[in-house]
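Have a look at the structure below before the remarks.
Chains as they are written, first to last, in this note's numbering: chain A, 1 to 755; chain B, 756 to 1510.
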């Protein structure tokens, strides 16, 4: 029987390998990983489940979820947790609320519970009070709420600062380097930076590292305003008074409750003493630094910061003098931008209180029949900065529709092979807190049981499907997308997505020419053929702990579009009805796609992980580094040598390792599920990445200096970026070792299947 | 003696070939093409000549040349011609004024000689008169002149039009295609386009082809205004009322007097009858089309057009509705751009009169001693839209300083081997008219005698040296630039230029990875080594007739920078003193560089053309086409085949031909000057390019759809862009044939030297 199963598995895997090479072909009738007999039993259940999510029902969930502002830990947030729990129970899920006690800051409140707004004034060259409140908008009653947090940064610092302003573009390291070349000092200045390019916390980090005493972060109309199109309420884009709230945690250093960096925030947990007024440790700092191996000022914001709109930024920029900005720094305001310093001076004050508060993850399960100890996770956060119609309400609405469909399928007799786990996370906005603490508490169990995770966050910001994920999940998600229709075109979501990717590839990807035409021997051009791949995973949502810390394959799937109200009070039900998804058709499509992914992952006979795409992605990532190395060498050397530089040569063992990985993936024809599952785990570095041991994945991590964006092969990349040969010497063998380990895991899977 | 000379020539060529491979090395002590003995005799003459140009003298020439507005054919223009003639005579040059009678349009004048301004009104959704005049500016008395042409397009069409507006971005074919995809009709509309990306005449052409009835072309502040930096008079960039005048000739179809498309505009020349009020032929059109093989409406603007500032464009854009623009179309005005059509409606009227008028080229010579029938040409236009301090006054000032230095060198005893010809062209602004008509008249003599041409136009718009040119002149110009010091850094101009190019190359050039690392055999990466190359020649200045029509190698050399007053009244002496070159150090450096190029070219024993860079450039150009072919194939096919498409395969004979060219260039060790000179000529196509027979060069031409920008290998490129296999079938062999001919010319040169 085992013998026969192995042969069956072999066939399934071969079918999977075939489809890996033809991802833009019409989907196969048999879902990935299903034996033919199982597939025909599965089909009617899936068809009925995919017919279940409706636009009207998604609309109703969203209406309820966005009734009131519900930041993490507030009574309104608690009400949404109970609402979600009760619905899931009705639909047959086993549900519990997992409460954690986590450190959060709130804006200071008056006796009557209303929030104290920050203050912002231009003091020179003339005095002027600048607006910090989001104005109410006609036709959108929710925009006038008094319960909304005012302008505010989660995990930000309280204080009042005054001084000269320096404009520092996006606040990237290269922006500060450019200021230095211009001879502009940021020490003891207030840095004005625009949103975009990197996570906002890292803007504050870059500013405080250079001695700035405060940071104002504004939304420039070129990036996020009229420069993109019509502004709210006439259009979907950001208006001049609209604010981007958000966390200024140093996300690329480590997410989660900052008072419990290496353990779960359960009741009674040992905590780092954090100054309740200011938000960072002020006593026993040295002991903490010794114990954690971290530097306090590298890990915590220590200067006050404030998000502002372009209505407030304009008078400041208008009053700045000093050198003209470099060409790329010019934004969309109708004036020539200058870097300062001064004569513009501002004064601002922001006050928040840090307190340990309860937050509530809702965790629900539908137990698997054959492999109950194998988990398929679907997660979505529930807390919002204000109403969060897009972020995350649309995700909760769509995944609730998925949960309703899955519950009904089980009631109708479908038996998922594996256990489905649905998580409604709390306190994501502060720094992925709910998911990170839960993953911390259940780390061993997850390591043992989790097969994969589907993360959802803003499910619907517009009509365009966007998929980030590890390459081994590409076939699963595309296979599922082939089963769901796009609301507008009538084609499958897979066809629409593939056409988009193809067009981008044609427009943008590198074009490597074949050398044979010039008389050189060689292979056909690498870029001549379209191979769809998922976007690299970065960070900024709840898959982070699972992929980067625990090595669980993950997807992040949503629909994007003209989303110009991010983290403002206007991200509300009215905006969604007017602009985001007026008929809620995209919500329904999203719910169907999530349903298909979850059912196929939980139902397949062989877990639907496929590693040929991983091999191809690894090669691309290595090539990307080779390009980086060549580029660096170009900048440094006189180009006198036709040979590439030495670091380049040092990549040979890595290339050989990837080759072996590809060979193993290509010949992978026998396997068992347990061993397959270990491949991603094998990519974890036991000691984590340099300077941030919490991040263990050797292939994927958020960029150390970008925060959101992905940095494939992060250790080696960091060594190249920092020009640090010593670091390269440790990171390269470590990476090679992990690739070998993943290869060995695949070989072992094949061996076991052949036994 | 002939034998001995040949050996000497061999040595010189070998030295030249060596230096071709190391262009960023310190300059050799011996100038390119000089025998050692000759070089030591030449050195003191050159040193004295290079010491001669002074900032103060250049400043004085510019002050005189920019005293009054001097559009082509006006009395003020005539006065500048006499001024230049008299100076050259004083310096020992043989000078004549070459007068041509050419068709030009002027704005209609009142009885008192003042110009009638155009009118522009917004009529819907509300009535408003829009500004068309450039306001006078405090501290710049010249900005108030009543003699300046008002808002106006050279070779434009008179008329009054009214109607709905459509915004069409830069007015490129792809912009109109995007409008079509949006369902926006431009027929019978007034098209509003912004300056940039392509020659303005082609914007009008693209609009009229699609049935538009008028065109407004404005300067957007993102491209040319406060988006670049501080605006005039506070900074060098374009202010809101500043206008970009200019010609709307369809430059990429053929320059010169449009009433004499295939012959010189000498007195009594046969002329095409052109409607004096409207500016294009309205009688005997069919006969003309038969005779010329051109289509009237493809060759002439037939709809009225007007240049406007962003002060006038803003209310129109503000009143436009319809779809939001695609993201890349958003400009720098503080509003969301819309494409229309309407509800904005405008009415505008512009009136000019066409008349045959005299224009004056000043042609001066210093006769060569050994080879008087070999010409080294230096040219610069003299006419300006208004004052033209940068364009072209800086060029005239700098080349006058060169002429002074060259005249003094001859007086001091230097004997140029070849004849130096200096040309001060007229009516360049209307469409390269003076140079084109002169080249037409002297075509046979030029074919026989011209060795190379140095074109200057705007010599000084800022501090950064910029060189366009055919690759065979790269060694000459870099060699000369090695002998001149950069005013700011103290390094040689060559070192500064090379450092700039290197930085750009490191940042931007394609990175072809070597395949051997992946187990493929092959050569080292093409892009791993920095090879400086000149910018490709396009069009838009007076080298066009020489390179594109007559096959004479040419350079175009000037200094660029923060130039924001192009073709406005503010391009005046005050702007130059405040922003462009306050101390006139760059003018002096430019004059020295031109002097070094001219003296070396006229004095070298072997003409300083080197074809190894040409071989490398050809390979790059072919690669560029291969990339284009791959890109096209990506867009078209399903990518199902790993092989490149067939057109790609069809390039093999071309590749083989270029290989042979490279081999010939690399082994080129014997030659004589006459034969060397034929190499570039051999690249001319006897029947010219498809649809524009006037353009004959098989390798370089301005883009058919871009106007200014270069299109290397224009025939084949056009076939690929138009997706026209039949055209490819004729253009590919024609190009191959020309490359073979150039190769044969080099072989013949070698054979003759060995005789």
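Note that beta-carbon positions come from the ideal geometry of N, C-alpha and C, so glycine has one too.
Keep in mind that this is a model prediction, so the values were computed, not measured.
| task | With DSSP as the reference, please indicate the residues paired to residue 194(A) in a beta bridge. | result | In the first chain, residue 194(A) corresponds to position 194, counting from 1. DSSP output for residue 194(A) lists 218(A) as bridge partner(s).
| Rounded separation between residue 810(B) and residue 1152(B) - CA only | On the second chain, residue 810(B) is found 55 positions in, with the first residue counted as 1. On the second chain, residue 1152(B) is found 397 positions in, with the first residue counted as 1. Looking at the two C-alpha atoms, the distance is approximately 10 Å.
| message | So within the region 59 to 124 of chain A, which uninterrupted beta strand (DSSP E) runs reach at least 3 residues, ignoring any that extend past its ends? | response | 94 to 107 and 119 to 124
| request: Pull up the DSSP beta-bridge partners for residue 153(A), would you. | output: Counting from one through the first chain, the residue named residue 153(A) turns up at place 153. 246(A).
| task | Determine the chain A residues that contact residue 1091(B) at a beta-carbon separation under 8 Å, and present them in chain order. | result | The residue you call residue 1091(B) lines up with position 336 of the second chain. Under the 8 Å cutoff, chain A gives 226, 227, 228, 229, 230, 231, 235 and 237.
| request: Just mark residue 194(A) as buried or exposed, buried being the case when its beta carbon has 16 or more other beta carbons within 10 Å. | output: Looking up residue 194(A) in the first chain gives position 194. It is buried - the Cβ of residue 194(A) has at least 16 other Cβ atoms within 10 Å.
| field | Residues within the region 570 to 590 of chain A neighbouring chain B, beta-carbon criterion of under 9 Å | value | none
| said: Does the CB of residue 505(A) have a neighbour CB from chain B at under 9 Å? | reply: If you number the first chain from 1, residue 505(A) lands on position 505. So, interface residue.
| request: Could you pull out every residue in the same chain whose Cβ sits closer than 7 Å to the Cβ of residue 863(B), ignoring the five residues on either side in sequence? | output: As a position in the second chain, residue 863(B) is number 108, starting the count at 1. Same-chain partners within the cutoff: 871, 1106, 1107 and 1108.
| task | Express the C-alpha separation of residue 696(A) and residue 682(A) in angstroms, rounding to a whole number. | result | Locating residue 682(A) in the first chain gives position 682, counting from the first residue. Locating residue 696(A) in the first chain gives position 696, counting from the first residue. Between residue 682(A) and residue 696(A), the C-alpha separation is close to 10 Å.
| query | Is the number of C-beta pairs between the region 971 to 986 of chain B and the region 1307 to 1320 of chain B that are closer than 8 Å three or more? | reply | yes
| message | With the cut-off set at 9 Å, would you say residue 1297(B) and residue 1183(B) are in Cβ contact? | response | Looking up residue 1297(B) in the second chain gives position 542. Looking up residue 1183(B) in the second chain gives position 428. Cβ distance < 9 Å, so residue 1297(B) and residue 1183(B) count as in contact.
| Can the beta-carbon of residue 170(A) be found less than 9 Å from the beta-carbon of residue 192(A)? | As a first step, residue 170(A) must be located in the first chain, where it is residue number 170. As a first step, residue 192(A) must be located in the first chain, where it is residue number 192. No, Cβ-Cβ distance for residue 170(A) and residue 192(A) is not below 9 Å.
| Closer than 9 Å to chain E by CB, residue 1300(B) | Looking for chain E here will not work: the only protein chains present are A and B.
| request: Determine which residues share a DSSP beta bridge with residue 347(A) and list them. | output: Start at 1 with the first residue of the first chain, and residue 347(A) comes out as number 347. According to DSSP, which records beta bridges pairwise, residue 347(A) is partnered with 121(A) and 162(A).
| message | I need the straight-line Cα distance from residue 141(A) to residue 604(A), nearest angstrom please. | response | One-based indexing of the first chain puts residue 141(A) at position 141. One-based indexing of the first chain puts residue 604(A) at position 604. One C-alpha to the other measures close to 47 Å.
| said: For a quick check, are the C-beta atoms of residue 189(A) and residue 165(A) less than 9 Å apart? | reply: For the purposes of this step, residue 189(A) is taken as the residue at position 189 of the first chain. For the purposes of this step, residue 165(A) is taken as the residue at position 165 of the first chain. A contact, by the Cβ cut-off of 9 Å.
| task | Report the option in 490(A), 486(A) and 533(A) whose CA atom is closest to the CA atom of residue 502(A). | result | Sequence index remark: in the first chain, residue 502(A) carries index 502 (1-based). Taking only the C-alpha atoms, the option nearest residue 502(A) is 533(A).
| Beta-carbon of residue 1364(B) versus every beta-carbon of chain A: anything under 9 Å? | On the second chain, position 609 is the one that residue 1364(B) refers to. Answer no: the Cβ-Cβ gap between residue 1364(B) and chain A never drops below 9 Å.
| message | Going by the DSSP bridge assignment, what does residue 450(A) pair with across the sheet? | response | Mapped onto the first chain, residue 450(A) falls at position 450. Partner(s): 375(A).
| request: Using alpha carbons as the reference points, say which of 76(A), 163(A), 539(A) and 200(A) lies closest to residue 187(A). | output: The residue labelled residue 187(A) in the question sits at position 187 within the first chain. With distances taken between Cα atoms, residue 187(A) lies closest to 163(A).
| field | Residues in the region 314 to 329 of chain A having any Cβ partner in chain B nearer than 7 Å | value | 324 and 327
| Closer than 9 Å, Cβ to any Cβ of chain B: which residues of the region 213 to 225 of chain A, in chain order? | 221, 222 and 225
| task | Enumerate in chain order the residues of its own chain whose CB-to-CB distance from residue 61(A) is below 6 Å, with the five nearest sequence positions on each side excluded. | result | Against the first chain, residue 61(A) aligns to sequence position 61. Closer than 6 Å at Cβ, skipping near neighbours: 397 and 400.
| message | Beta-carbon within less than 6 Å of residue 459(A)'s beta-carbon, same chain only, minus the 5 sequence neighbours each way: which residues are those? | response | For the purposes of this step, residue 459(A) is identified with residue 459 of the first chain, where counting begins at 1. Hits under 6 Å: 394, 395, 398, 558 and 590.
| task | Could you work out which residue in 1197(B), 1304(B) and 1208(B) is closest to residue 855(B) when comparing CA atoms only? | result | Within the second chain, the letter at position 100 stands for residue 855(B). Here the closest residue by C-alpha is 1197(B).
| query | Alpha carbon to alpha carbon, how far is residue 927(B) from residue 956(B)? | reply | In the second chain, the residue the question calls residue 927(B) occupies position 172. In the second chain, the residue the question calls residue 956(B) occupies position 201. Spanning the two alpha carbons is a distance of roughly 11 Å.
| Per-residue contacts from residue 1243(B) into chain A (C-beta, under 8 Å) | Looking up residue 1243(B) in the second chain gives position 488. Going along chain A, no residue has its Cβ under 8 Å from residue 1243(B), so there is no contact; the nearest lies around 16 Å.
| field | Chain-ordered residues of the region 716 to 739 of chain A with a beta carbon less than 8 Å from chain B | value | none
| Cβ-based neighbour list, residue 130(A), same chain, cut-off 7 Å, excluding 5 preceding and 5 following | Sequence index remark: in the first chain, residue 130(A) carries index 130 (1-based). For residue 130(A), where only same-chain residues beyond five positions count, the Cβ hits under 7 Å are 120, 121, 122, 312 and 315.
| query | What first and last residue would you give for the beta strand (DSSP E) that runs through residue 1179(B)? | reply | Here residue 1179(B) is taken as the residue at index 424 of the second chain, counted from 1. From DSSP, the beta strand (DSSP E) with residue 1179(B) extends over 1173 to 1180.
| task | Since I believe residue 1175(B) is in contact with residue 1120(B) (beta carbons under 8 Å), could you give me their beta-carbon distance rounded to a whole number of angstroms? | result | Here the question's residue 1120(B) lines up with position 365 in the second chain. Here the question's residue 1175(B) lines up with position 420 in the second chain. At roughly 7 Å, the Cβ-Cβ gap stays under 8 Å, so residue 1120(B) and residue 1175(B) are in contact.
| field | 7 Å Cβ shell around residue 480(A) - same chain, five flanking residues per side excluded | value | The residue given as residue 480(A) occupies position 480 in the first chain. Closer than 7 Å at the Cβ level, and outside the excluded window around residue 480(A), lie 593, 596, 597 and 600.
| message | Would residue 1383(B) and residue 1494(B) be called neighbours here (beta carbons separated by less than 9 Å)? | response | Here residue 1383(B) refers to the residue found at position 628 of the second chain. Here residue 1494(B) refers to the residue found at position 739 of the second chain. Taking 9 Å as the Cβ cut-off, residue 1383(B) and residue 1494(B) do not qualify as a contacting pair.
| query | Any C-beta of chain A sitting closer than 9 Å to the C-beta of residue 870(B)? | reply | Within the second chain, the letter at position 115 stands for residue 870(B). Judged by the 9 Å Cβ criterion, residue 870(B) is not in contact with chain A.
| query | How long is the line joining the alpha carbons of residue 1035(B) and residue 882(B), rounded to whole angstroms? | reply | Position 280 of the second chain, counted from the start, is the residue given in the question as residue 1035(B). Position 127 of the second chain, counted from the start, is the residue given in the question as residue 882(B). Each residue's alpha carbon lies about 33 Å from the other.
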